[in-house]
Structure formats: C-alpha cells, structure tokens
Amino acid sequence: MPRFRYNDLAVCTAGDTIDLDRSEASHLFKILRARTGDVVGLLDGKGTLGNAVVTADKRLTIQDVRKVERPARKLHLYLAPPRRQKMDQILREATELGVYRIVPILCEHAVVIPDKDSADRQTDLLFEACKQSGNAFLPVLEEPMKFADALKDAVNTCGLNVFGSPYESAMPEQMPEQIGFFVGPEGGFSAQEEEMMRAAGFAAMRIGPWILRVETAAVAGIARLWG
Numbered sequence: 126m127p128r129f130r131y132n133d134l135a136v137c138t139a140g141d142t143i144d145l146d147r148s149e150a151s152h153l154f155k156i157l158r159a160r161t162g163d164v165v166g167l168l169d170g171k172g173t174l175g176n177a178v179v180t181a182d183k184r185l186t187i188q189d190v191r192k193v194e195r196p197a198r199k200l201h202l203y204l205a206p207p208r209r210q211k212m213d214q215i216l217r218e219a220t221e222l223g224v225y226r227i228v229p230i231l232c233e234h235a236v237v238i239p240d241k242d243s244a245d246r247q248t249d250l251l252f253e254a255c256k257q258s259g260n261a262f263l264p265v266l267e268e269p270m271k272f273a274d275a276l277k278d279a280v281n282t283c284g285l286n287v288f289g290s291p292y293e294s295a296m297p298e299q300m301p302e303q304i305g306f307f308v309g310p311e312g313g314f315s316a317q318e319e320e321m322m323r324a325a326g327f328a329a330m331r332i333g334p335w336i337l338r339v340e341t342a343a344v345a346g347i348a349r350l351w352g
C-alpha cells in the first residue's frame with residue numbers, strides 16, 4: 126500500500142475528508158493514477174498512522190487513525206557527512222532502521238561541509254524513507270556541530286557512546302535506552318579525535334574485520350546496536 130504525508134493526521138478521525146498537499150496529490154493522482162475506492166496509507170512523522178480511501182472528487186476520506194508507540198531504545202547517529210549521494214543513502218537507510226536522531230559533525234578529515242540550505246531537501250528525503258518503510262517517526266535532523274560540541278552533546282544525552290573500530294570491541298552486556306554512535310569521515314577520525322572519544326568514555330565497537338566505507342559503517346553499526 127502506498128503511503129503519503131499528511132501533517133495534520135493526529136487531529137483527524139474516521140470519516141473526515143482531507144486534501145493532500147500539491148506534491149503528494151500529484152504523486153497519488155498523476156503518477157500512481159489512483160482511482161475512486163483505492164486505499165492508501167497516511168503518516169505524519171510524529172507517530173500517527175492511518176488509512177484513507179480515494180473519493181470521486183480526488184480527495185481522501187479517513188478510514189482509521191492510530192498512534193504508534195516509539196521504541197524505548199533511541200539511537201543517535203553522529204555522522205561526518207560524505208558526499209551528497211552517499212549522504213542521501215545513509216539518511217534513507219538510517220530512517221528505515223529507526224534511528225531517532227541524526228547529527229552531522231565537523232571533523233578534521235571532513236570531506237564535505239554540510240550546507241544548511243540542504244536541510245529542507247533532506248527532510249523531504251527522510252519523509253520518503255518513512256513512507257517507503259512504514260516508520261511512523263521522522264528522525265530528528267540537527268544542524269551541523271563541531272566535533273567537540275557533538276562530544277559534549279553525546280555525553281550529556283546518551284548512556285552509552287560508541288565509535289566503530291576494526292581492531293577492538295569493548296561493548297557492555299546491558300544496553301541503555303539512549304545510545305550515541307559516532308561515524309567518522311572517509312579519511313577516518315584523527316588521532317586527536319579518537320583520543321577525545323576515549324577520554325570521554327566512548328566504547329570501541331568492532332563492526333567487521335576491515336576498514337569500512339562511511340555508508341557501510343553507518344548501516345552495519347546501527348543494525349548491530351539494534352541487536
């Protein structure tokens with residue numbers, strides 16, 4: 126079933142008739158060629174899902190609305206952004222995997238300096254991933270942080286913070302509800318940055334035996350932390 130974004134879904138009830146915004150309506154009626162009686166899914170990115178039926182006048186009538194409980198574990202992805210195509214891939218896959226929050230970080234070996242003007246485009250991309258996967262919760266997308274500031278943010282927010290390493294692993298048996306995962310740039314974290322993480326109590330997490338690309342490390346690490 127195709128899913129569509131509707132920001133006011135939480136205040137809707139069965140029987141309400143709604144209109145999608147222009148881009149969502151265009152996708153439904155011009156690209157998917159929806160017909161009267163077709164049923165579609167709706168979401169608002171804030172934990173509300175619903176179903177609606179297409180009416181004869183190209184509107185939607187709500188069939189049901191339901192709230193989804195957010196998973197207790199919240200993963201915070203602190204990521205040194207790679208180039209645009211790879212960053213888009215990570216954003217999609219992190220959303221599909223249920224990451225709670227994404228924080229771009231500025232590292233010494235940074236390949237890309239995040240463009241603040243891309244935030245709206247990236248938010249749309251996150252919504253597309255929610256619609257594709259059925260994830261009811263849009264990840265929080267923060268503005269870029271300097272590495273030292275991201276370190277402080279993670280320490281203050283998360284009960285466990287980790288970074289990927291092909292050489293060692295020091296993960297605790299019991300996982301807290303708030304977990305920070307730091308993924309470095311394509312050139313890797315600098316020696317000083319790694320020293321700062323260790324001094325802040327970060328744990329090394331062995332994802333695999335080899336050095337991974339940013340997009341591989343991010344997805345593999347998230348999947349392991351969920352496990």
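Going by the working numbering, the letters in the sequence shown line up with residues 126 to 352, in that order. Here a beta-carbon is modelled for each residue, glycine too, at the ideal position from N, C-alpha and C.
Helix, strand or coil at residue i according to DSSP, with G and I counted as helix
{"i": "V92", "result": "Since the displayed the chain opens at 126 and closes at 352, residue 92 lies outside it and no answer follows."}
{"i": "L276", "result": "helix"}
{"i": "A261", "result": "coil"}
{"i": "R246", "result": "helix"}
{"i": "V97", "result": "Outside the displayed span of the chain (126 to 352) sits residue 97, for which this structure offers no information."}
{"i": "Q210", "result": "helix"}
{"i": "T161", "result": "coil"}
{"i": "R331", "result": "coil"}
{"i": "T180", "result": "coil"}
{"i": "L167", "result": "strand"}
{"i": "G289", "result": "strand"}
Distance between residue j and residue i (C-alpha atoms, nearest Å)
{"i": "V190", "j": "N176", "result": "7 Å"}
{"i": "D245", "j": "Q299", "result": "37 Å"}
{"i": "L263", "j": "L204", "result": "17 Å"}
{"i": "I230", "j": "A254", "result": "22 Å"}
{"i": "S258", "j": "F272", "result": "31 Å"}
{"i": "L337", "j": "E311", "result": "9 Å"}
Selected residue, minimal CA-CA separation from residue i, among the options
{"i": "P297", "options": "A329, T282 and T220", "result": "A329"}
{"i": "M322", "options": "V237, H152, L266 and C232", "result": "C232"}
{"i": "L145", "options": "L167, E311 and T220", "result": "L167"}
{"i": "G346", "options": "G172, F288 and T248", "result": "F288"}
{"i": "D141", "options": "V344, I187 and G312", "result": "I187"}
{"i": "V327", "options": "G333, N132, T341 and A295", "result": "A small fix is needed here, since residue 327 is Phe in this sequence, not Val. With distances taken between Cα atoms, F327 lies closest to A295."}
{"i": "K277", "options": "A348, E311, A324 and F252", "result": "A324"}
Identified DSSP bridge partners for residue i
{"i": "K271", "result": "L231"}
{"i": "T142", "result": "T186"}
{"i": "K199", "result": "Q303"}
{"i": "K256", "result": "Looking at the DSSP assignment, K256 forms no beta bridge with any residue, so it has no partner."}
{"i": "L174", "result": "L168 and R191"}
Problem set entry | At least three beta-carbon pairs within less than 8 Å, the stretch 238 to 258 to the stretch 194 to 203 | Result no; under three Cβ-Cβ pairs closer than 8 Å.
Exercise. Quick check: the stretch 213 to 229 against the stretch 164 to 182, are there 3 or more CB pairs under 8 Å?
Worked result: At 8 Å Cβ cutoff, the stretches do not touch.
For this session: Determine contact between the stretch 279 to 286 and the stretch 302 to 313, defined as no fewer than three beta-carbon pairs at a distance below 8 Å.
Result: Result yes; three or more Cβ-Cβ pairs closer than 8 Å.
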